[in-house]
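As numbered in my numbering, residues 2 to 207 make up the sequence shown, in order.
Every residue gets a Cβ at the ideal spot worked out from N, C-alpha and C, and that includes glycine.
What follows is a set of notes on a single structure, which appears directly below.
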Amino acid sequence: MSDPLKLSVIYYSSTGTIAEIANAMVAEAESAGAEVRLRKAPELAPDAAIDANPAWRANLEATRSVPEVVAEDVVWADAVLFGTPTRYGNVAAQLKQFIDTLGGEWQQGLLADKVYSGFVSSATKHGGQESTLLALYNTIHHFGGFVVSPGYTDSSKFADGNPYGTSHVDGQGQFKVDDETRTAAAVQARRVVRVAQALKVGFAAA
Ligand SMILES: Cc1cc2nc3c(=O)[nH]c(=O)nc-3n(C[C@H](O)[C@H](O)[C@H](O)COP(=O)(O)O)c2cc1C
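What follows is the structure in structure tokens.
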């Protein structure tokens, strides 16, 4: 038996959608045998903006016990799942700010040869989910990482329709994370663990 696969689930969430999907990813990866770290990107928004949206303040309080991510959480991991709400079709600044602190680790090659994958949520259909994941995946190429997207590798993917990564439409809080999104998260988390484990064994043998 090889060591357990080490997975970091690193996310940013304002109003809780991505936080909920992150928890579903953790549960599935743990049930697939991975050792998992759940980490959040630090909040950067001013209190005035947060307090203007009760769901934002509530999520900040509800996730207070989740540790804030540090570079070592990426270096430690064999695989990383990044989660972000879309921001105008792009990665949220809070997650991007963390990624942009990783220059030193990137330069030392400490981010390479790992599996990476992403998940996203938006308010509307066609609201930028795919562009957000593709923007996130640009960075992975620079890391020298391996993007492991779900593709259409499971029949459920033909229902949720997003081969780039788990995605949820929240209708600005109207549509809670549902079975379709949970199934997508489970499929993606299992695939990431399985592929990363195979890669880890392969590298160890090479
Ligand atoms: C500044 C800002 C920009 C956003 N841009 C988009 C967008 O381009 N398309 C969209 O569908 N939703 C957009 N949203 C909505 C969020 O991405 C969406 O509600 C998301 O599911 C929230 O995830 P969370 O609950 O984890 O914070 C935006 C929200 C904010 C605050």
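- Assumed close pair LEU45, THR85 - CB separation to whole angstroms, cut-off 8 Å: With a beta-carbon spacing of about 13 Å, LEU45 and THR85 fall beyond the 8 Å limit used to define contacts.
- Query: Can you list, in chain order, the stretches of the alpha helix (DSSP H) that have 4 or more residues and sit fully within the stretch 122 to 165?
  - Reply: Counting only runs of 4 or more, we get 130 to 144 and 158 to 161.
- Task: Between the Cα of VAL10 and those of ALA113, GLY128 and GLU73, spot the shortest distance and give me the residue it belongs to.
- Result: Between VAL10 and the set ALA113, GLY128 and GLU73, the nearest pair of CA atoms involves GLU73.
- Query: Would you say the beta carbon of ARG183 comes nearer than 8 Å to a heavy atom of ligand 1?
  - Reply: Because no heavy atom of ligand 1 lies under 8 Å away, the Cβ of ARG183 does not count as near it: no.
- Every unbroken beta strand (DSSP E) inside the stretch 12 to 80 [3 residues or more]: As for any beta strand (DSSP E) of minimum length 3 sitting wholly inside the stretch 12 to 80, the runs are 36 to 41, ordered along the chain.
- Contacting residues, own chain, Cβ-Cβ under 6 Å from PHE99 (five flanking each side not counted): The residues are ALA42 and VAL70.
- Contact test: ASP179 Cβ vs ligand 2 heavy atom, cutoff 8 Å: No copy of ligand 2 appears in this structure; the ligands present are ligand 1.
- Task: Return helix, strand or coil for GLY174, following the three-state DSSP convention.
- Result: Shown here, GLY174 sits in coil according to DSSP, grouped into three states, outside any helix or strand.
- Query: Based on Cα-Cα distance, which residue from ALA206, SER168, GLY174 and VAL81 lies nearest to ASP180?
  - Reply: ASP180 has its Cα closest to that of SER168, out of ALA206, SER168, GLY174 and VAL81.
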